[in-house]
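Protein chains in written order, with our numbering: chain A, 3 to 317; chain B, 790 to 1271; chain C, 5 to 285.
Using N, Cα and C, we set each Cβ at its ideal position, and we do this for glycine too.
Notes follow once the structure below has been shown.
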Amino acid sequence: MSFYGLVDGSEKSLLNFLNQLSGVDQVGAESRAAMLATRSIKTTSKRWAIDTAISMVDLTTLEGADTPGKVKALCSKAVRPDPTDSTVPSVGAICVYNDMVSIARTHLDSIGGEKVPVAAVSTAFPSGRASMDVKIRDTQDAIDAGAAEIDMVIDRGAFLSGKLGLVFDEIVKIRQVCGEKAHLKVIFETGELVTYDNVRKASYLAMLAGADFIKTSTGKVAPAATPPVVLVMLEAVRDFYSLTGRRIGVKPAGGIRTTKDAIKQLVLVNETAGPEWLTPELFRIGASALLNDLLMQRMKMDDGYYASPNYVTID
Amino acid sequence: MTFEYAPALEPRAIVTIKPKYGHFINGSFVSGKRHFPTINPATEEILSHLSLGSASDIDKAVAAAQKAYTKTWSKLSGKERGKYLYRIARILQERAREFAVLETLDNGKPIRETRDIDIPLVAAHFFYHAGWADKLDYAGLGHSPQPYGVAGQIIPWNFPLLMLAWKVAPALATGNTVVLKPAETTSLTALLFAEVCQQAELPDGVVNIVTGDGSTGATLVNHPGVHKIAFTGSTEVGKKIARAIAATDKKATLELGGKGANIVFDDAPVDEAVEGIVNGIFFNQGHVCCAGSRLILQESIAEEIIEKLKVRMAKIRVGDPLDKNTDLGAINSREQLTKIQELAAIGDAEGAQRWSPQCNLSDKGYWFAPTIFTGVTQAHRIAQEEIFGPVLSVLTFRTPQEGIDKANNTPFGLSAGIWSEKGSRTLWASQQLRAGVIWANTFNKFDPTSPFGGYKESGWGREGGKHGLAAYLKTGRESGGK
Amino acid sequence: MVATNRIEVKKTYKLFINGAFPRSESGRVFEVHSKKGEFIANPCLASRKDLRDSVTAARAAQHGWAKATAYNRGQILYRIAEMLEGRAEQCAAEISTTTAITPLKAQSMVSEAIDRWVWYAGWSDKLSAVTGATNPVAGPYYNFTIPEPLGVVVVTASDSFIDFIDAIAAAVVSGNSVIALVDGGLSVPAMTFAEVLATSDLPAGVINILTGSLDELAPWAASHMDVDGFDISAISKKKRAELKVAGAENLKRIYIADGKLTPSRILAFMEQKTVWHTIGV
Chain A
3 MSFYGLVDGS EKSLLNFLNQ LSGVDQVGAE SRAAMLATRS IKTTSKRWAI
53 DTAISMVDLT TLEGADTPGK VKALCSKAVR PDPTDSTVPS VGAICVYNDM
103 VSIARTHLDS IGGEKVPVAA VSTAFPSGRA SMDVKIRDTQ DAIDAGAAEI
153 DMVIDRGAFL SGKLGLVFDE IVKIRQVCGE KAHLKVIFET GELVTYDNVR
203 KASYLAMLAG ADFIKTSTGK VAPAATPPVV LVMLEAVRDF YSLTGRRIGV
253 KPAGGIRTTK DAIKQLVLVN ETAGPEWLTP ELFRIGASAL LNDLLMQRMK
303 MDDGYYASPN YVTID
Chain B
790 MTFEYAPALE PRAIVTIKPK YGHFINGSFV SGKRHFPTIN PATEEILSHL
840 SLGSASDIDK AVAAAQKAYT KTWSKLSGKE RGKYLYRIAR ILQERAREFA
890 VLETLDNGKP IRETRDIDIP LVAAHFFYHA GWADKLDYAG LGHSPQPYGV
940 AGQIIPWNFP LLMLAWKVAP ALATGNTVVL KPAETTSLTA LLFAEVCQQA
990 ELPDGVVNIV TGDGSTGATL VNHPGVHKIA FTGSTEVGKK IARAIAATDK
1040 KATLELGGKG ANIVFDDAPV DEAVEGIVNG IFFNQGHVCC AGSRLILQES
1090 IAEEIIEKLK VRMAKIRVGD PLDKNTDLGA INSREQLTKI QELAAIGDAE
1140 GAQRWSPQCN LSDKGYWFAP TIFTGVTQAH RIAQEEIFGP VLSVLTFRTP
1190 QEGIDKANNT PFGLSAGIWS EKGSRTLWAS QQLRAGVIWA NTFNKFDPTS
1240 PFGGYKESGW GREGGKHGLA AYLKTGRESG GK
Chain C
5 MVATNRIEVK KTYKLFINGA FPRSESGRVF EVHSKKGEFI ANPCLASRKD
55 LRDSVTAARA AQHGWAKATA YNRGQILYRI AEMLEGRAEQ CAAEISTTTA
105 ITPLKAQSMV SEAIDRWVWY AGWSDKLSAV TGATNPVAGP YYNFTIPEPL
155 GVVVVTASDS FIDFIDAIAA AVVSGNSVIA LVDGGLSVPA MTFAEVLATS
205 DLPAGVINIL TGSLDELAPW AASHMDVDGF DISAISKKKR AELKVAGAEN
255 LKRIYIADGK LTPSRILAFM EQKTVWHTIG V
């Protein structure tokens, strides 16, 4: 593999590349994100942002208590988020555990949701603590069941102990398993990487290894997709594009619950990576509760009065 | 469709502007004989008419300040003085949005800045100094340091209310009374502040505000009843003041011009540096004495930084200052716009390369697109003269010492920025730079606890922090008269 | 024992510039007489060009002097006290011969001057602790204020040896380089003091002493654009305003002592620098 001609696959060349990345000043990154959070998105642009955000939601359920019934209900919601309003777009994807992939795929296909992809969390999600062999088989299993997107976790223990070559190799191998069949999203669990320097390094490491998306978090660890973390990742995909000509997607996941949160994310995208990233092909939001808030805000904009949760479905 | 932000205008209904204003002397508004218009620089709409302060207005104001000093203010304990200042701080917080909108209308700066920076800092400044009023014995200026009496204060148009706070809060906390002359183009928030003084029941004459032009300010400086001058403005006027008081025993603090260097080393946190460069020169339309108006880049990363800077500059939202999403507002006056245009034209003529992003500037009002000049050398006038607008000159250096030498190669010495991830290099650079305020991995940050002021021709004295108190107390180390 | 009829070898009084003792480039001297009218010496009548050369020397020396550790500067100032102790008798004799001051008073003046050097020496490494600050700004920034020397400072002295010492010591202790302008009879002990400086490990150019006429030199010092501070304490009141007007051209820090021995005089020729740095991981 060529790795964009930037590294040769050896740990040494990877480290050489990562070590020349500039550092991130925490205060500066956080104040930029905070400043962008003051953007006031109103009227037509808010309406556009809400629909765009809906189309970017990776509607997620990742619970031990998940059942086929729950997953099917979620699929219905994914295809027609508001059963009373056909102008509401479908969401970006359904995101489930492996054993629910085929259930979700079958159900989506049966209700006209052929275009909604199923994403599976993989590689011993959420901890990533399994042998490489198990991780490969985990991924293969999901793809075989019909997953078009693989959300893999990196080995944070290896990352934090400096074994970046190991982390890189795992991503490369999972990328190979995905082949042409599945998009690969690489989850960093930024709450465990802690520093923005690490987030930047992980972003480049994953992109070089072949990620199609870089994703903040599993949703199981807080803090998750904070605006400055997403800012740093958006800077990485922007700069990687000018380096390679390839646009990598970004997926914040975890902690994005309100329309306001989602719009802040879109503003971050717009003013950091640029408007080219404002598409579900390049930006997703991993969430569950968010969708209903987006729907309620949409109703408010249509009806002119504040909505009640009684009027949106709870699946 | 792309993500265009629909206009998000801050409602202006929160402010009431009177058609005509008087001076605020001895606790009440007194109309002057002559008036002059004050406009909204974003629209050229006339907002109101202000009194043009005459010699007799200044006389009355100084007399009121002297009387208040003798009869009430100097007799109050520090504790009681402090409580007045706390009251003022609280009322400013209560009416913060009103002040923010009025400042934006009168000055042209974006509501985001008046709302998030100017007005919160104003309140913080009063709150901070309120606490000093009864603790001056512990300020390191000797036992029971004494105030001067009447302070004559002249402030600029770039941060109208914030500069008022920088002047009035320490003066009152240390026991002086005040005659303040706001800038000709931006007096409205000072006049609204007069209402705050009334609401706070500040004794009559402790704060007096006389509006007017440069002649009003000169009259105040030369008034024999004024014991202390505090001025923020151009170096040219600062020197005039220094000469004007030479034969008197008046003391002066002067916060003057600058040509701040923003030095980016090759180990800088690049994205934050780009933000810092933008904040350094485009904050407040570049109408900032401490603006980072000279970008001094290490050659090895110059290209990368300039490229990223241009991408970032294209995101700057220039437009209606009342729009909450505006980043760069209107130039404060036609006069200032002309000055910026002239200096930019000189940059062109001297062969520097000008670049600005595409901006749709309104036909009405005074506007100047964010601009950088690359290929600038020390010999260019745009590398030497203060432009006081959104215009950045970019220079390069090869070794750290060369960067420092270029940064220091100016008669000014107000501010400088350092961008590096290496602690020892940052501390080294901060020692080498001849400037009163050094920002490392940040820029244009202000705080009432942090002393501010310049080296060399950027002025005399400090404002803010423990050091700022010395400006209003007899300490035996001040520049100025006798 | 020295024969009573021995011819004394008298000293030629020169200037003290950049660690050397040159004559005035102008070739001019002036006569100093004792209070009884006897000829004492022909000190140099320094010219504006001597001043210019002194400023150049002082500017060149200043960076290194400021960069020396405060401990080192303190020791050098203390060394000046030690060396002056060895010349105390000579200085006192010169003071009492050239002024109306009695020999006894002159001795106590020189003793006081020595003690002043000791006092100032101790300040070098305490200024930033006493007058600096860490400022608790409302944000994730480490913010501190430290005093720094101004640069090149010209000081003046006309009658009192102690005032002469105070003016120099207050300016030099913080890391400024100094040019002392000395008037009249004080020139004689001042140049003896220059010999003290020459043997005190003080780097060349840090202190320069020009003898002559304050009236002639002060306006040139006031208007010199490479002079940062000017102590005009020894200038008569009616002449101060014109110096301040001239000094305004580069906004010189102009200072007049109030006669009290306080660190204010040191701080008058210091700048306060405030540094912000982000705090983050």
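- [ ] Would you mind telling me which residues of chain C sit closer than 7 Å to A/T197, beta carbon to beta carbon, in chain order?
- [x] V285
Open item on the list: Below 8 Å on the Cβ atoms is my contact criterion, and I expect B/V1053 with B/I1090 to pass it. Report the Cβ-Cβ distance as a whole number of Å.
Closed with: 7 Å
TODO: Give, in chain order, every residue of the region 148-175 of chain C whose Cβ lies closer than 7 Å to some Cβ of chain B.
DONE: T149
Open item on the list: Quick test of your reading: A/A55 and A/I265, contact by CB under 8 Å. State the CB separation rounded to the nearest angstrom.
Closed with: 7 Å
Open item on the list: Does any residue of chain C have a CB that is nearer than 9 Å to the CB of A/D304?
Closed with: no
- [ ] Could you work out which residues of chain A lie near B/K1104, taking near to mean beta carbons separated by less than 7 Å?
- [x] E273
Open item on the list: Using beta carbons (cut-off 9 Å, strictly below), is A/S78 in contact with chain B?
Closed with: no
Task: Exposure label - C/M229; buried when at least 16 CB within 10 Å - done: exposed
- [ ] Could you check what DSSP says for B/G1270 in three-state terms: helix, strand or coil?
- [x] Its pLDDT being 44, under 50, B/G1270 is placed unreliably in this model, and the coordinates cannot settle the point.
Task: Host alpha helix (DSSP H) of C/E220 (start-end) - done: 218-227
TODO: May I ask you to list, following chain order, the residues of the region 1144-1158 of chain B that have a beta carbon less than 9 Å from some beta carbon of chain A?
DONE: none
TODO: Look at C/I84 and C/A72 and say whether their C-beta atoms are less than 9 Å apart.
DONE: no
- [ ] Enumerate in chain order the residues of its own chain whose CB-to-CB distance from B/G1248 is below 7 Å, with the five nearest sequence positions on each side excluded.
- [x] G1027, L1043, E1044, L1045, G1242
Task: Inter-residue Cα distance where the pair is B/G1136 and B/R1143 - done: 8 Å
TODO: Assign A/Y206 to buried or exposed, taking buried as 16 or more other Cβ atoms, counted over all protein chains shown, within 10 Å of its Cβ.
DONE: buried
Task: Cα-Cα separation between B/A852 and B/V996, rounded to whole angstroms - done: 12 Å
Task: Start-to-end residues for the beta strand (DSSP E) that takes in A/S124 - done: 120-124
Open item on the list: Please report whether the beta-carbon of B/T1231 lies at a distance below 9 Å from any beta-carbon of chain A.
Closed with: yes
Open item on the list: Suppose the cutoff is 6 Å on Cβ atoms and the five residues either side in sequence are ignored; what does the same chain contact list for B/A960 look like?
Closed with: A940, V967, Y1261
Open item on the list: Taking 8 Å as the cut-off, does the region 163-170 of chain C touch the region 117-128 of chain C (at least 3 CB pairs, one atom from each stretch)?
Closed with: yes
Task: Host alpha helix (DSSP H) of A/R249 (start-end) - done: No alpha helix (DSSP H) contains A/R249, which DSSP labels as neither H nor E.
TODO: Classify B/T1024 as helix, strand or coil using the three-state DSSP reduction.
DONE: helix
Task: Where A/R248 falls, given that 16 or more other Cβ within 10 Å makes a residue buried - done: exposed
Open item on the list: Does A/C180 come out as helix, strand or coil in the three-state DSSP assignment?
Closed with: helix
TODO: Note down, one range per segment and in chain order, each beta strand (DSSP E) of at least 3 residues found wholly within the region 892-964 of chain B.
DONE: 939-943
Task: Alpha-carbon to alpha-carbon, C/R269 and B/A1138 - done: 48 Å
Task: Contact belief for B/L739 with B/N1051 at Cβ below 8 Å, rounded distance in angstroms - done: Residue numbering for chain B in the displayed model covers 790 to 1271; residue 739 of chain B lies beyond these limits and cannot be assessed.
Open item on the list: For the beta strand (DSSP E) containing A/S97, name the first residue and the last one.
Closed with: The sequence shown places Cys at residue 97 of chain A, not Ser. Here the beta strand (DSSP E) through A/C97 covers 95-98.
Open item on the list: Just to confirm before moving on: does the CB-CB distance between C/I236 and C/T160 stay below 9 Å?
Closed with: yes
Open item on the list: Between C/I11, C/S51, C/S128, which has its C-alpha nearest C/S30's C-alpha?
Closed with: C/S51
- [ ] Give, in chain order, every unbroken run of the alpha helix (DSSP H) that is at least 4 residues long and sits entirely within the region 101-163 of chain A.
- [x] 103-112, 134-146, 158-162
Open item on the list: Quick check on this structure: which residue in B/K1195, B/P826, B/P1159, B/K1048 has the alpha carbon closest to the alpha carbon of B/T1166?
Closed with: B/K1195
- [ ] Decide if the region 143-155 of chain A is in contact with the region 173-190 of chain A; the criterion is three or more beta carbon pairs, one per stretch, under 8 Å apart.
- [x] yes
Task: C-beta atoms of A/S24 and B/A1057 nearer than 9 Å - done: yes
Task: Every unbroken beta strand (DSSP E) within the region 95-134 of chain C, with a cutoff of 3 residues, ordered by chain - done: none
TODO: Find the residues of chain E that neighbour C/T135, judging by a C-beta separation of less than 7 Å, and give them in chain order.
DONE: As a matter of chain content, chain E is missing from the structure shown, whose protein chains are A, B and C.
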